[in-house]
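So for the sequence shown, the working numbering puts the first residue at 973; every next one is plus one. Using N, Cα and C, we set each Cβ at its ideal position, and we do this for glycine too. Please read all numbers here as calculations on a predicted model, not as lab measurements.
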Amino acid sequence: MLITDDFLPVPVPESLSATYLVPMTGLPRMSPRTAVQALAGRLAEPVFGLAKQMLDSPLMTVDTRPIAEFPALPPDLLTAFGATEEQLTRLAEATHLVVVQAEYRPGWPPAHEWAARAVAAAVAETVDGDVVDVFALQFLDPATALRSLPDAEGRIRLVDWVLVPYSSDAEGLWFTTKGLRRFGLLELQAQGVPDHLTRAWGAVMTGAARRLLRTWTDGLAGEEVPAFVQLPVLATVTGHDIAVAYGNPEQHGATAPVLLALELDPATDPEADSFLSLRPPPGHPGPAGRYFATACATLFTGIQPDVRYARTGDAMSEAITTARAGLGDVRARFLAGALPAESQLVVKYGLPGDEGPEYVWAAVTSWEAPERISGASASDANTDPTVRIGSPVVVEATDVVDWAVLDGTGVIEGGWTQAVLDAGERPNPSH
């Protein structure tokens, strides 16, 4: 294998395994084979056939055991990863566990994960029960588990298989992925992420996971499993990567790619996990958090600064009027937590300049008083050196000319002035 400064050799495990549990009261009502056969016509053929083949091979085992034989699953971690009270109650009342385990070589498709999840979902469906994904310590209802499996063209949403948890440390937020080891790849991490980028950076991490997983599985495409796969030390992430990871490839914008340096952080504790760390590229000045904020501003449409010296033209005036008319409603939804899950509210406002206002975007962090918005700048301003990416700002509601709700794929609501600009109706500046 050729090792150069441009690539990072990442070791490949000899085999991969998946484990799913189905808690139930009493014994199963039907055999796993009968349960899987009931999915005929509902499960795409790549997985339907795979599940049946692995059930009949030594690569998969399905056992039913008394739940007392197993260590108790930690309810606090299950709750942290989305378990409901009803699911935890059913787990507490269960007398048996159906244990589905599968093993396969690294590469694509990840037959061990697809087949084991399909079989566990089929069994859970027969008893109106739940599936527990042991790797992620996550409950899945059977319908959700089946929806996460590949469609007829073999496509999946990576967000159904890779989680992005985060926690706070002294330098900001620490993000990791949880799910790439299903495919044999080390998990990703990023440290020093600004607090206001919680949702946006989670989407960037998911997009980076998608890009690196594709490179990883391409390196495993041969007949023999290699000892190492070379990953680029400088990886690119695009809006397309994020959109595909979220299952919305048609929604990606023509964003510029973002460059991220990839470093191997081996664990010093033999019981701990090693990580692939995402960092700013070499030579980037300033803290990592500033680069991460710049990356988010690049990848998500509608949060770029817009210098506008005069807003002539009906289209722009109508856009601003429409945005301002909806401020009260979007504030109420923001305060009530009624905006879409995993979304972020941003507002566009004017900064005074010698030649006219410069319009910049800010992520809303609080909006207690109707007339005043607290936020974090989503870009560096040209006219005001104190307004930098991530810096706290206070915006007067009367200065707001637009607002938008963003998710991992871009603007999902609002952004009327941006739509005018994207349509090419840019008014001429007046001097």
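The shortest CA-to-CA distance from Val1205 to any of Leu1185, Leu1236, Val1230 is the one to Leu1236.
Take Val1372, set aside five residues on each side of it, and the residues of its chain with a beta-carbon closer than 8 Å to its own are Ala1295, Arg1296, Leu1299, Val1319, Lys1320, Tyr1321, Ile1345, in chain order.
Membership of Thr1036 in the beta strand (DSSP E) is indicated by the continuous run 1032-1038. Pro1018 is not a Cβ neighbour of Pro1078, given a cutoff of 8 Å. Here the alpha carbons of Val1165 and Leu1231 stand approximately 16 Å from one another. Beta bridge pairing from DSSP links Asp1241 with no other residue. Within its own chain, the residues whose Cβ lies closer than 6 Å to the Cβ of Ile1128, once the five positions on either side in sequence are excluded, are Pro1122, listed in chain order.
Boundaries of the beta strand (DSSP E) around Val994: 988-996. Cβ neighbours of Tyr992 within its own chain (closer than 7 Å, five residues either side excluded): Val1072, Ala1088, Arg1089, Ala1092, Val1103, Val1104, Asp1105, Val1106. Trp1375 is bridged by DSSP to Val1319. Out of Arg1251, Leu1192, Gln1390, the CA that lies nearest to the CA of Val1332 is found in Gln1390. Your pair Leu999 and His1068 checks out as a contact, with CB atoms roughly 6 Å apart and the cut at 8 Å. Here Glu1041 is not bridged, per DSSP, to any residue. Residue pairing of Phe1200 in beta bridges, as defined by DSSP: Pro983. Within the same chain, Ala1016, Glu1017 come within 7 Å of Ala1124 by CB-CB distance, once the 5 residues on both sides are set aside.
DSSP, read as helix, strand or coil, puts Asp1105 in strand. When the five nearest sequence neighbours on each side are left out, the beta carbons in the same chain lying within less than 8 Å of the beta carbon of Ser1315 are those of Arg1171, Val1377, Leu1378, Asp1379, Ile1384, in order along the chain. Taking all protein chains shown into account, Phe1020 has 16 or more neighbouring C-beta atoms within 10 Å of its C-beta and is therefore buried.
Glu1340 sits in coil when the DSSP states are folded into three classes, being neither helix nor strand.
DSSP, read as helix, strand or coil, puts Ala1207 in strand. Put simply, the region 1250-1258 does not touch the region 1185-1200. Fewer than three CB pairs are less than 8 Å apart. Between the region 1028-1040 and the region 1134-1142 there are fewer than three inter-stretch CB-CB distances shorter than 8 Å, so the stretches are not counted as touching. Ranked by Cα distance from Leu1248, the first of Leu1109, Arg1153, Cys1268 is Arg1153. Val1070 and Gly1101 have their C-alpha atoms roughly 11 Å apart. Per DSSP, reduced to three states, the secondary structure at Gly1347 is strand. Contact check for Ile1292 against Asp1241 fails: the beta carbons are separated by 8 Å or more.
The beta-carbon distance between Ser1349 and Val1365, rounded to whole angstroms, is 5 Å. This is short enough to meet the 8 Å contact definition.
Under the three-state reduction of DSSP output, Val1359 falls in the coil class, being neither helix nor strand. DSSP places Ala1304 in the helix class (H, G or I) of the three-state scheme. Taking C-alpha positions only, Val994 is separated from Pro1004 by approximately 12 Å. Spanning the alpha carbons of Ser1363 and Asp1113 requires a straight line of approximately 42 Å. In this structure, DSSP gives Arg1251 an extended state, which the three-state scheme calls strand. Look at Ile1384 here: in three-state DSSP terms it is strand. Around Ala1353, the same chain offers Pro1277, Leu1323, Glu1330, Val1332, Val1359 as residues with beta carbons nearer than 7 Å, after the five sequence neighbours per side are excluded.
With a cutoff of 8 Å on beta-carbon distance, Ala1217 and Gly1179 are scored as near each other.
Counting along the chain, no beta strand (DSSP E) covers Trp1086; the unbroken alpha helix (DSSP H) around it starts and ends at 1083-1098.
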